[in-house]
């Protein structure tokens with residue numbers, strides 16, 4: 052029991068990993084723990100529109116664990132491409148340590164979910180990635196492009212970087228977003244290209 | 052699609068519902084969104100120790116939605132007994148409105164999960180309640196009794212109020228906590244009885 056308690060207390064640290072997006076109406080940045088909660092519910096709401104039939108429970112499981120590696124590395128915006136290999140290695144080391152506190156059953160289960168998300172090959176993992184990519188866009192669209200403006204992210208960069216994974220996991224969501232992103236561009240909510 | 056987007060943006064408000072417990076090492080109170088994420092993972096880690104065999108995916112689903120009614124009511128400490136009926140009615144009205152934004156499939160699914168948790172009858176719901184009750188205790192035990200001291204909660208009150216539901220859902224966890232709570236009492240981490 053103590054090892055499971057140590058595990059859950061170490062997870063507490065994800066509440067202090069801040070992202071670049073602000074929750075609507077709040078004067079702070081969101082953290083990776085509350086983000087993980089929200090995209091799990093986004094996935095459960097959109098599963099019927101996944102590109103291929105998915106086991107939604109596995110998608111939810113992946114989304115709940117996918118950011119735990121950030122406990123050591125912090126969150127990095129999807130538009131930052133430098134240092135990716137080092138970051139991925141550090142995240143793997145982090146989850147190996149943290150999941151390693153657990154008994155065999157839950158350890159193997161969490162590790163498999165985390166790895167499936169990283170590999171991004173199964174329909175479940177591709178749908179999960181679409182959810183993870185789409186959520187900050189949805190918040191920005193409701194937030195006058197707050198994190199795009201603050202970080203100088205252009206419309207073209209958003210479309211190039213997040214279009215393909217969202218299209219691959221949830222085409223109906225991408226059709227919706229593509230149009231909204233055009234509208235946001237007309238509003239001047241992006242950084243310069 | 053727009054109705055699902057409206058739903059997920061309304062959920063954003065749970066990130067501003069604050070609880071009485073502080074995340075470890077942080078100078079703020081935790082919110083109900085990150086709390087929901089954490090107890091979903093606590094459940095997935097402890098499911099093998101549930102009082103009766105449980106479908107862990109349904110437990111996780113319940114825990115992800117169980118606090119959504121607080122978007123209208125705010126969080127209330129488990130030790131506050133006044134106004135319970137009114138609060139429960141307001142929470143029901145809240146989730147009926149918010150889940151009501153969704154298409155039939157996800158709406159019915161979320162509503163059923165929320166209601167199953169409220170009814171607290173199935174093994175899954177009883178285990179889910181045990182997780183929800185245990186998490187603030189685990190944080191307090193790692194936090195020198197922060198929310199007990201701040202709110203004048205006695206050892207006796209904790210044991211009386213949270214002992215039965217944790218025992219009913221996860222007896223092994225209660226055995227562990229009972230001993231730790233005695234230790235915390237010796238440390239003086241509670242309010243006066």
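Chains as they are written, first to last, in our numbering: chain A, 52 to 244; chain B, 52 to 244.
No residue lacks a Cβ here, since even glycine has one placed at the ideal position from N, Cα and C.
Being a predicted model, the structure only gives us computed values, none of them experimental.
A check of alpha carbon separations from residue 226(A) across 100(A), 71(A), 83(A) identifies 100(A) as the nearest. About 10 Å separates the beta carbon of residue 82(A) from that of residue 81(B), a gap too long to meet the 8 Å contact definition. With respect to chain B, the C-beta atom of residue 99(A) has a partner C-beta closer than 9 Å. If you look at residue 147(B), you'll find it in the alpha helix (DSSP H) that goes 135 to 150.
When Cβ pairs closer than 8 Å are counted between the two stretches, the stretch 57 to 77 of chain B is seen to touch the stretch 100 to 119 of chain B, the count reaching three or more. Contact check for residue 221(B) and residue 102(B): beta-carbon distance about 6 Å, within the 8 Å limit, so the pair qualifies.
Comparing alpha carbon positions, the residue from 71(B), 184(B), 161(B) closest to residue 201(B) is 71(B).
Annotated as distal: residue 180(A) and residue 157(A), with beta-carbon spacing of 9 Å or more.
For the options 212(B), 59(B), 79(B), the alpha carbon positioned closest to that of residue 90(A) is the one of 59(B). Residue 227(A): member of the alpha helix (DSSP H) spanning 222 to 238, first to last residue.
Counted as a single uninterrupted DSSP element, the stretch harbouring residue 71(A) is not any alpha helix (DSSP H), since DSSP gives it neither H nor E.
Put simply, the backbone Cα of residue 176(B) is about 8 Å away from that of residue 113(B). Nearest to residue 188(B) by C-alpha distance, out of 209(B), 153(B), 178(B), is 209(B). Taking the Cα positions, residue 148(B) is about 45 Å away from residue 137(A). A distance below 9 Å separates the beta carbons of residue 146(B) and residue 161(B). DSSP, read as helix, strand or coil, puts residue 82(A) in strand.
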